[in-house]
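So in my numbering the end of the sequence shown lands on 310, straight run, no missing numbers.
Ideal placement from N, C-alpha and C gives every residue a C-beta, glycine not left out.
Structure first, commentary second.
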Amino acid sequence: MHQYLFFIGDFPIRSYGLVLSLAIILATATAYFLAKQDGRWHQHVPDMGIYCGLAGIIGARLWDVFFFDWDYYQHHLLEIPFVWQGGMAIQGGVVLGTLVGYWYTKKHHIDTWAFADIVAAPAVIMGQAIGRIANLLNGDAFGRPTGSNFGIVYPDTTLAHQVYGNQPLWPAEVWEGQIDIIIFVLLLILRTTNHAKGQVFIAYAVLYSIARFFLEFLRGDYGTLALGLKSAQLTSLAVIIIGTALFILVGLKGQKISEPATNQPVKKGKR
Numbered sequence: 040m041h042q043y044l045f046f047i048g049d050f051p052i053r054s055y056g057l058v059l060s061l062a063i064i065l066a067t068a069t070a071y072f073l074a075k076q077d078g079r080w081h082q083h084v085p086d087m088g089i090y091c092g093l094a095g096i097i098g099a100r101l102w103d104v105f106f107f108d109w110d111y112y113q114h115h116l117l118e119i120p121f122v123w124q125g126g127m128a129i130q131g132g133v134v135l136g137t138l139v140g141y142w143y144t145k146k147h148h149i150d151t152w153a154f155a156d157i158v159a160a161p162a163v164i165m166g167q168a169i170g171r172i173a174n175l176l177n178g179d180a181f182g183r184p185t186g187s188n189f190g191i192v193y194p195d196t197t198l199a200h201q202v203y204g205n206q207p208l209w210p211a212e213v214w215e216g217q218i219d220i221i222i223f224v225l226l227l228i229l230r231t232t233n234h235a236k237g238q239v240f241i242a243y244a245v246l247y248s249i250a251r252f253f254l255e256f257l258r259g260d261y262g263t264l265a266l267g268l269k270s271a272q273l274t275s276l277a278v279i280i281i282g283t284a285l286f287i288l289v290g291l292k293g294q295k296i297s298e299p300a301t302n303q304p305v306k307k308g309k310r
């Protein structure tokens, strides 16, 4: 677990920032491959990767500041941009990234739901899986004490160690990254079925929210908000309920897609 990879003079190269950047790049590459395979919109993917990636970072940071750690940041406003300290809520990143993606598709006359199914949902969850590696290396998004010899013991330079010391903690961020990969595969399988337009993206939101709801019982980096639940759990419950209803409604009334579009060979005329 290395927070700092090396230094250029006094400037640290942090593993958190490097892996987070890698997550955005590889998610964009995944999206490009899926769009190229489908035969539509791949030329827009690099631009969307930049716009949605930046929006995701901003949204994730602001969501954490205002919903998870406002008690601290209201007295340390100048530290809000210090993302390398940890504190990035993926739910906020998905919300703002989705809004920017919606704006981009409308601006360029792209079918938003089709694009979300073909490209966005699988690529985003892959980026999330890689992003959890950044959390592990940085010692944030950590679990609570296991009460046994099982668990991760973080080094004394991390926030996790400052909170819990040498106690073994549940590997919540590790398990979430692994579950994200499983969701990625399930979404790829769903894309091959006779689904309605929009169902793949909705399935992404619901599946991730289910996983996040239960994993939050193992998290130890912030406390409960209401009804004995954490803010991420309340958000997840809302997404599960609304998303499930939308999945069923879209399936009943939506346009069915039997198989992804493919590039068809173009017949050449005489020259």
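What did DSSP end up calling residue i once you bin it into helix, strand or coil?
| i | result |
| --- | --- |
| Ile149 | coil |
| Leu61 | helix |
| Leu266 | coil |
| Ile119 | coil |
| Pro304 | Low confidence applies here, because Pro304 scores a pLDDT of 47, under 50, leaving its location unreliable and the question unanswered by this model. |
| Arg100 | helix |
| Arg171 | helix |
| Ala159 | helix |
| Tyr80 | The sequence shown places Trp at residue 80, not Tyr. Note: Trp80 maps to coil in three-state DSSP. |
| Met165 | helix |
| Gln42 | coil |
| Gly126 | coil |
| Val245 | helix |
| Lys309 | Any reading at Lys309 must be qualified, since the residue scores a pLDDT of 40, below 50, and its modelled position is unreliable; no value is offered. |
Residues bridged to residue i by DSSP?
| i | result |
| --- | --- |
| Gly182 | Arg258 |
| Phe7 | Since the first residue of the chain shown is 40 and the last is 310, residue 7 is not available in this structure. |
| Leu208 | Pro184, Ile191 |
Assuming residue i is part of the alpha helix (DSSP H), what are its boundary residues?
| i | result |
| --- | --- |
| Ala199 | 198-203 |
| Trp109 | 109-112 |
Counting Cβ pairs, one atom from each stretch, are 3 or more of them under 8 Å apart for the stretch 210-223 and the stretch 171-180?
The stretch 210-223 vs the stretch 171-180: in contact.
How about the stretch 219-232 and the stretch 158-167: do they share at least three Cβ pairs that are nearer than 8 Å?
yes
When the Cβ atoms of the stretch 273-293 are set against those of the stretch 240-259, are three or more pairs found closer than 8 Å?
yes
Determine contact between the stretch 44-60 and the stretch 107-121, defined as no fewer than three beta-carbon pairs at a distance below 8 Å.
no
Touching or not, the stretch 88-103 and the stretch 197-214, by the rule of three or more beta carbon pairs under 8 Å?
In this structure the stretch 88-103 does not touch the stretch 197-214; the number of beta carbon pairs closer than 8 Å is below three.
Report yes or no: do the stretch 63-76 and the stretch 105-117 share at least 3 C-beta pairs separated by less than 8 Å?
Output reads no: the stretch 105-117 does not touch the stretch 63-76.
Any contact between the stretch 95-114 and the stretch 129-147? By contact I mean 3 or more CB pairs, one from each, below 8 Å.
yes
Specify whether the stretch 55-66 and the stretch 165-172 touch according to this definition: at least 3 beta carbon pairs, one from each stretch, less than 8 Å apart.
yes
Is the stretch 250-258 in contact with the stretch 267-275, if contact means three or more CB pairs nearer than 8 Å?
yes
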